[in-house]
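Order-wise, the sequence lines are chains A and B.
Just so we're aligned, residue 62 is where the first sequence starts under our numbering, counting upward by one.
Just so we're aligned, residue 238 is where the second sequence starts under our numbering, counting upward by one.
The structure appears right after this line, and notes come after that.
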Amino acid sequence: MGIEQKLGNMGVITARLEDVINWGRTGAMWPMLFGLACCAIEMMASQASSYDMSRFGMELMRPSPRQSDLMIVAGRVSRKMAPVLRLLYDQMPDPKWVVAMGDCASCGGVFNNYAILQGVDEVVPVDVYVAGCPPRPEALIHGMMTLHQKIKQEKLTRWA
Amino acid sequence: MNDHLNTVITALQTRFEAQPGQFRGDPRVTLSPEHILEAAKTLREEFGFEYLSDLTAVDYWPEMSPRFHVVYQFSSFQHNCRLEVRVPISGEQPAVPTISQVYWSANWPERELYDMFGIHIEGHPDLRRILMPHDWEGHPLRKDYPLGYEEVQFTFNEDEIMVHKVHPQE
């Protein structure tokens with residue numbers, strides 16, 4: 062007789078620790094307000110009522126990096142802004158993820174010149190790239206769901 | 238043309254050896270760099286051009302020499318007129334005196350001239366880069382500065398480009 066026979070009555074489930082932790086992390090991920098340019102408008106649109114992102118647990122966007130765990134880099138990053146971006150990324154506590162939203166954050170977009178960082182992965186490690194100029198809210202939400210799938214595959218041995 | 242402008246241009250011609258001209262009906266005047274400070278003072282105090290609406294430069298390399306033309310756009314509210322003043326300066330050691338003591342709003346545009354063109358502004362109180370990072374090398378708006386930044390990646394050359402890409406350490 063193991064605990065499994067009693068499970069229905071006791072209201073207890075067993076699961077692997079890493080599944081529970083990964084589920085908890087994806088369930089309430091707080092993005093950091095990092096809208097830089099036009100993609101910020103689409104990020105606001107996906108946070109607003111019609112394409113609600115709070116149904117994914119992202120109810121509030123935290124302006125402070127100390128209280129957030131996801132940085133959505135929305136918009137083009139200029140060379141002058143790059144050290145600031147890195148500083149804010151360093152100030153975020155672990156575990157943290159980065160979503161490069163839009164073409165400019167992923168690869169420099171239409172701006173192939175001296176002033177714009179050619180992809181934000183020159184300064185921070187990126188988990189998910191969302192393409193589009195700007196990406197529709199549905200595309201950003203698809204990026205969020207891809208990030209959730211990525212997190213659910215994370216292993217205990219990596220962060221224990 | 239405005240009567241006031243006629244007076245101004247004649248005065249600049251006699252006192253500062255200015256060459257008058259016009260571009261699509263807008264009056265413009267060409268001065269040499271040693272006269273620009275006095276001309277700016279005169280325009281502000283005597284002729285009522287109280288507003289410096291723009292201070293920028295153009296690079297005409299390699300078609301024209303002298304290479305840089307520093308362009309000042311003065312405008313007057315009292316007399317309702319505008320005047321453009323051009324100062325041609327050469328490409329080796331380009332320098333122009335500051336007019337920020339006369340027109341305070343020229344401070345940051347002159348820093349932008351230094352940053353983007355490499356034109357040294359003599360007498361500027363705080364000459365440093367304003368748009369590019371402070372340790373950047375090169376002056377981006379010159380015509381011999383490269384236009385793009387990195388080679389565009391297509392399918393046929395993606396392997397060669399990915400070899401050189403640098404990724405940050407986590």
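All residues carry an ideal CB built from backbone N, CA and C; glycine is no exception.
Problem set entry | Ala276 of chain B versus B:Asp363, B:Asp396, B:Lys380, B:Tyr309, residue with shortest Cα-Cα distance | Ala276 of chain B has its Cα closest to that of B:Tyr309, out of B:Asp363, B:Asp396, B:Lys380, B:Tyr309.
Exercise. Ala294 of chain B lies in the beta strand (DSSP E); which residues open and close that run?
Worked result: Note, Ala294 of chain B: beta strand (DSSP E), 288 to 296.
Problem set entry | With 16 other Cβ atoms within 10 Å as the buried cut-off, status of Cys194 of chain A | With fewer than 16 other Cβ atoms within 10 Å, it is exposed.
Exercise. Counting Cβ pairs closer than 8 Å, one from the segment 378 to 397 of chain B and one from the segment 290 to 308 of chain B, do we hit at least three?
Worked result: Below 8 Å, enough C-beta pairs join the segment 378 to 397 of chain B and the segment 290 to 308 of chain B to call them touching: three or more.
For this session: For Pro377 of chain B, go through chain A and note every residue whose CB falls closer than 9 Å to its CB, in chain order.
Result: Residues of chain A passing the Cβ test: Asn174, Tyr175, Ala176.
Problem set entry | Residue-chain proximity (Tyr351 of chain B, chain A), Cβ-Cβ < 8 Å | By this cut-off, Tyr351 of chain B is not an interface position.
Exercise. Given Phe286 of chain B, which residues of its chain have a CB within under 6 Å of its CB, disregarding the five upstream and five downstream residues?
Worked result: Result list for Phe286 of chain B: Leu280, Phe311, Ser313, in chain order.
Exercise. Grouping DSSP H, G and I as helix and E and B as strand, with all else coil, what is Pro370 of chain B?
Worked result: DSSP places Pro370 of chain B in the coil class of the three-state scheme, outside both helix and strand.
For this session: Measure from the C-beta of Glu407 of chain B to each C-beta in chain A and report whether the shortest distance is under 8 Å.
Result: Unreliable placement is indicated for Glu407 of chain B, whose pLDDT of 44 sits below 50; no coordinate value is reported for it.
Problem set entry | Residues from the segment 179 to 198 of chain A in contact with chain B, defined by Cβ distance under 8 Å | Contact residues of the segment 179 to 198 of chain A toward chain B are Gln179, Asp182, Glu183, Val184, Val185, Pro186 (C-beta to C-beta distance below 8 Å).
Problem set entry | Spatially closest choice to Gln210 of chain A from A:Glu183, A:Thr87, A:Met132, A:Val159, by CA coordinates | If we check each option's Cα against that of Gln210 of chain A, A:Thr87 comes out closest.
For this session: Return helix, strand or coil for Gln406 of chain B, following the three-state DSSP convention.
Result: Summary for Gln406 of chain B: the model assigns pLDDT 49, below 50, so the residue's position carries little reliability, and this model does not support an answer.
Problem set entry | Length-filtered (3 minimum) beta strand (DSSP E) runs lying within the segment 175 to 209 of chain A | Counting whole runs of 3 or more residues, the segment 175 to 209 of chain A contains the beta strand (DSSP E) stretches 189 to 191.
Problem set entry | Neighbour flag for Arg219 of chain A against chain B, beta carbons, 8 Å | Not one chain B Cβ lies under 8 Å of Arg219 of chain A.
For this session: State the CB to CB distance for the pair Pro92 of chain A and Met119 of chain A, rounded to an integer number of angstroms; the pair is presumed to be in contact (CB under 8 Å).
Result: Distance from Pro92 of chain A to Met119 of chain A at the Cβ level is roughly 5 Å; contact confirmed, criterion being Cβ atoms closer than 8 Å.
For this session: Compare the C-beta of Tyr386 of chain B with all C-beta atoms of chain A and state if any pair is closer than 8 Å.
Result: With 8 Å as the cut-off, Tyr386 of chain B counts as an interface residue toward chain A.
Problem set entry | Inter-residue Cα distance where the pair is Arg137 of chain A and Val245 of chain B | Cα to Cα, Arg137 of chain A sits roughly 46 Å from Val245 of chain B.
For this session: Using a Cβ cut-off of 8 Å (strictly closer), state whether Lys141 of chain A contacts chain B.
Result: Any Cβ of chain B closer than 8 Å to the Cβ of Lys141 of chain A would place that residue at the interface, and such an atom is present.
Exercise. Where in the segment 127 to 163 of chain A do unbroken runs of the beta strand (DSSP E), each at least 3 residues long, occur, reported from the N-terminal end onward?
Worked result: Restricting attention to beta strand (DSSP E) runs no shorter than 3 residues, the segment 127 to 163 of chain A encloses them at 131 to 135, 158 to 162, ordered along the chain.
Exercise. Taking Cβ-Cβ distances shorter than 7 Å, what residues in chain D pair up with Val389 of chain B?
Worked result: In the structure shown, chain D does not exist; the protein chains are A and B.
For this session: Could you tell me the distance, in whole angstroms, from the CA atom of Glu254 of chain B to the CA atom of Tyr386 of chain B?
Result: Going by C-alpha positions, Glu254 of chain B is about 43 Å away from Tyr386 of chain B.
For this session: Kindly indicate if chain A contains any beta-carbon less than 8 Å away from that of Pro334 of chain B.
Result: Output row for Pro334 of chain B: interface = no.
Exercise. Hey, Ala294 of chain B and Leu350 of chain B: beta-carbon distance below 8 Å or not?
Worked result: One thing to note: Ala294 of chain B has its Cβ within 8 Å of the Cβ of Leu350 of chain B.
Problem set entry | Thr392 of chain B vs Ile358 of chain B beta-carbon contact at 8 Å | Contact flag unset, no.
Exercise. Can you find a CB in chain A that lies within less than 8 Å of the CB of Met369 of chain B?
Worked result: It does: the Cβ of Met369 of chain B has a partner Cβ on chain A nearer than 8 Å.
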